[in-house]
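Residue numbers (this note's numbering): 227 to 715. Worksheet for the structure shown next.
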Amino acid sequence: MCGILGFIGKKPVAERLITGSDRLQNRGEHSTGAATYDGNFFYSHLGLGPAALVFNDYPYENLKGSAGIAHTRYATTGGDSPEKLQRNIQPVYADRPGMFTCANGDLINMLSQTERLKEMGFSFQTELDSKVLQNLMIHYMHENKLHCAKEPGDYVERIFKSLEDLHKDLQGAYSVVTLMETGLLVFKDPHGIRPLSMAKRTENGEITEYAFSSESAVFNYFGDYSDIEELKPGEALFIEHNTLKMHRRQITPMQEAFCFFEFVYFSRPDTKFKDRVVENVRKNMGGVLAEEFASMRNRIDVVVGIPATGLSAAHNFGQILNIPYENAIIKVGNKRSFQETSDEKRRKAIDNKFIFIKDFIEGKRIAVIDDSNVRGTTAKKIARRLYDLGAKEVHYFFFSPPIIGSCYYGIDTPDESKLIAVGNSNEEIRKLMQVDSVNYISHQGLIRGLGIPKEELCLACITKKYPTPVDEIHKRLELRKKERGCGIC
Ligand code: SF4
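Following this line, the structure appears as structure tokens:
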């Protein structure tokens, strides 16, 4: 999972690119990069760490031009040593035709496509999915003779044809922004698995900028965007420099499979997908949990939410069941434990992440509300702390059903053997976590809380029904084991 941004307009975009990257830090902070174009030259600035570090004291005027893209990276490929992270910073560059590209999501058949492209003579100095996407795009742009296009309409037709060809070759999740010398190209995979939304800025009724972001929270932050909409599955847009003329087409639409986990965990609370504010969905989930587990009412003295994703759900849960809510667990810092690349680092991140207020815990039977239970690492550790601080009972409630399948679309849950719900009954999970009860929202309850038809969602990690073919995934998992010394697998 990563964050991507794109702006094209009539005024310099550097400041918004940098500030926007900072707002997308929740989606990854292993590295941050931005590239702009001023009509003559590309400019870029990239580095390891979050935007606040990479752009600290950076004179943003150096990123010249009124079009640009940016990326915040959560590394799911290529290893996590500094030198490996360094060679895998996005956006990636190519010069025939000149372009910078960045993407969010993982390709299942990345390795076979990389081999194929190498045989055609393409170079790979990175291990990124976005380089496969870029090289494949370039291959089809040459095949479709993009350089021979006589006028803008013909040019865009050749780009869209190239993407149609690319869609046929690739399996997986990809939301992409590409900055070209001719304009800004933006597209999604045919199932629209990962998010990407668009907005406009206007002055006196005239469009002065188009903006694209993994999350609409970026548009909320700036406050002057309108007409925010999610790109459709398989949709592509090309916006010409200078004229800002937009061309858009749903190139290879397939059944939508939007990642439900974006609502439950990944995204910022003020982001909106499919007309639903993320925080409101989380609040609904607390209501559904309260309905589904009303019979537990007399076993609970106090409700506690795990920050930050579990707070609204916990408040709602407590309110509906008329149980007091206490702010017993408080988060310190911004670190998200999923962004750590080994179990050991993940455990340390949890230690440094929360403070616990003993007065709210001691002698109480506590209902803990959390978004999900993936490896069980966080939940078990938190439960231990609660008991150590005198909790009489700890009952865990999750508003995702048991996670039984790995995500192959950009999240680090590659090996099912590490998922606590795989091969374990609820009672076995309870024993492993050493708590008094473990309670998961039902599949129907999840769909009700989301308020979105299940046919429009990717639910693969709770159903094992993947929206794309996954026959090549074992090659990629092997590679990941090698890259990470099996640390996170
Ligand atoms: Fe999202 Fe799960 Fe699908 Fe991955 S497998 S895209 S986390 S719903």
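Beta carbons: idealized from backbone N, C-alpha and C, even for Gly. Computed from a predicted model, the values in this text were never measured in an experiment.
Query - Cβ-heavy atom distance, alanine 240 to the ligand SF4, below 7 Å - result: Set against 7 Å, the gap from the CB of alanine 240 to the closest heavy atom of the ligand SF4 is not smaller.
Requested in this report: Would you decide whether asparagine 374 is buried or exposed? Buried here means 16 or more other CB atoms lie within 10 Å of its CB.
Outcome: With the sequence shown as reference, residue 374 is identified as cysteine, and asparagine is not the correct amino acid for it. Exposed, because fewer than 16 other Cβ atoms sit within 10 Å of the Cβ of cysteine 374.
Requested in this report: Grab the span of the beta strand (DSSP E) containing valine 280 for me, first residue to last.
Outcome: Per DSSP, valine 280 belongs to no beta strand (DSSP E); it is in the alpha helix (DSSP H), 277-280.
Query raised in the report: Closest by CA to glycine 194, which one among Val664, Lys680 and Leu279?
Result: In this structure the chain extends from 227 to 715, so residue 194 is not present and cannot be described.
Requested in this report: Report buried or exposed for methionine 336, applying the criterion of at least 16 other Cβ atoms within 10 angstroms of its Cβ.
Outcome: Buried, since its Cβ has 16 or more Cβ neighbours within 10 Å.
Requested in this report: Use the C-beta contact count for arginine 494: other C-beta atoms within 10 angstroms, 16 or more gives buried, fewer gives exposed.
Outcome: It counts as buried.
Query raised in the report: Is phenylalanine 486 near the ligand SF4, going by C-beta to nearest heavy atom under 7 Å?
Result: The answer is yes for phenylalanine 486.
Query raised in the report: Taking C-beta to C-beta, are glycine 265 and histidine 541 nearer than 8 Å?
Result: Glycine 265 is not a Cβ neighbour of histidine 541, given a cutoff of 8 Å.
Requested in this report: Compute every distance between the C-beta of alanine 593 and the non-hydrogen atoms of the ligand FAD, then say whether any falls below 7 Å.
Outcome: In the structure shown, the ligand FAD is absent; the only ligands present are the ligand SF4.
**Report entry** CB contact flag (glutamine 481, glycine 460, <8 Å)
**Finding:** Not a contact, by the Cβ cut-off of 8 Å.
Report task. Please confirm whether any heavy atom of the ligand SF4 lies closer than 7 Å to the CB of leucine 333. Result -> No, the ligand SF4 has no heavy atom inside 7 Å of this Cβ.
Query raised in the report: Is isoleucine 419 near the ligand SF4, with its Cβ less than 7 Å from a heavy atom?
Result: Yes; taking the cut-off as 7 Å, the Cβ of isoleucine 419 has a heavy atom of the ligand SF4 nearer than that.
Query - Paired residues, beta bridge with valine 601 - DSSP - result: Looking at the sequence provided, one finds arginine at residue 601 rather than valine. Per DSSP, arginine 601 has no beta-bridge partner at all.
Query raised in the report: How far does the beta strand (DSSP E) with methionine 325 in it reach, from first residue to last?
Result: First-last of the beta strand (DSSP E) with methionine 325: 324-330.
Query raised in the report: Taking the alpha carbon of lysine 606 as the point to measure from, which residue in Tyr286, Asp662 and Asp391 has its own alpha carbon closest?
Result: Lysine 606 has its Cα closest to that of Asp662, out of Tyr286, Asp662 and Asp391.
Query raised in the report: Applying the criterion that 16 or more other CB atoms from any shown protein chain within 10 Å of the CB defines a buried residue, is threonine 428 buried or exposed?
Result: The residue in question, threonine 428, is exposed, as its Cβ has fewer than 16 Cβ neighbours within 10 Å.
Report task. To the nearest angstrom, report how far apart isoleucine 419 and lysine 498 are at their CA atoms. Result -> Spanning the alpha carbons of isoleucine 419 and lysine 498 requires a straight line of approximately 15 Å.
Query raised in the report: Given a threshold of 16 other Cβ atoms within 10 Å of its Cβ, counted over all protein chains shown, does phenylalanine 268 qualify as buried or as exposed?
Result: Burial state of phenylalanine 268 is buried, judged by a 10 Å Cβ sphere holding 16 or more other Cβ atoms.
Query raised in the report: Between the Cα of tyrosine 634 and the Cα atoms of Asn599, Thr603 and Val696, which residue gives the shortest distance?
Result: Looking from the CA of tyrosine 634, the closest CA among Asn599, Thr603 and Val696 belongs to Val696.
**Report entry** Alpha-carbon to alpha-carbon, isoleucine 629 and cysteine 715
**Finding:** Residue placement at cysteine 715 is flagged as unreliable, the pLDDT there being 32, under the threshold of 50; a coordinate-derived value is accordingly withheld.
**Report entry** Test: lysine 606 CB closer than 8 Å to a CB of chain C
**Finding:** Absent from the structure: chain C. Only one protein chain is present.
Query raised in the report: What first and last residue would you give for the alpha helix (DSSP H) that runs through leucine 537?
Result: Taken as a continuous stretch (DSSP letters only), the alpha helix (DSSP H) holding leucine 537 covers 537-547.
Query raised in the report: Taking DSSP as the reference, what is the three-state secondary structure of cysteine 228?
Result: Reduced to three states, the DSSP call for cysteine 228 is coil.
Report task. Thinking isoleucine 334 and threonine 639 are a contact (beta carbons under 8 Å), I'd like their distance in whole angstroms, please. Result -> Approximately 14 Å separates the beta-carbon atoms of isoleucine 334 and threonine 639; this is outside 8 Å, ruling out the contact.
Query raised in the report: With a CB to CB cut of under 8 Å and the five nearest residues on each side skipped, what residues in its chain are close to arginine 656?
Result: The beta carbon of arginine 656 lies closer than 8 Å to those of Asp662, Ser663 and Val664 in the same chain, with the five residues before and after it left out.
**Report entry** As assigned by DSSP and simplified to three states, the class of threonine 478
**Finding:** In the structure shown, threonine 478 sits in coil (DSSP, three-state: anything other than H, G, I, E or B).
Requested in this report: Decide if glutamate 704 is buried, meaning its Cβ has at least 16 other Cβ atoms within 10 Å, or exposed.
Outcome: With fewer than 16 neighbouring CB atoms inside 10 Å of its own CB, glutamate 704 falls in the exposed class.
Query raised in the report: If you draw a straight line from the alpha carbon of serine 632 to that of leucine 676, how long is it in whole angstroms?
Result: Going by the C-alpha atoms only, they are around 21 Å apart.
**Report entry** Proximity below 8 Å, CB of glycine 616 to CB of glycine 636
**Finding:** No. Outside cutoff.
Query raised in the report: Rounded to whole angstroms, how far is the Cβ of threonine 340 from the Cβ of glycine 229, which I believe are closer than 8 Å?
Result: Wrong, their Cβ atoms sit about 24 Å apart, outside the cutoff.
Query - N-terminal and C-terminal residue of the alpha helix (DSSP H) that histidine 669 is part of - result: Start and end: 669-676.
Query - histidine 297, DSSP secondary structure in three states - result: If DSSP states are grouped into helix, strand and coil, histidine 297 belongs with the strands.
Requested in this report: My understanding is that glycine 531 touches isoleucine 595, with C-beta atoms under 8 Å, so please give their C-beta distance in whole angstroms.
Outcome: A Cβ-Cβ distance of about 5 Å is found for the pair glycine 531 and isoleucine 595, placing them in contact under the 8 Å criterion.
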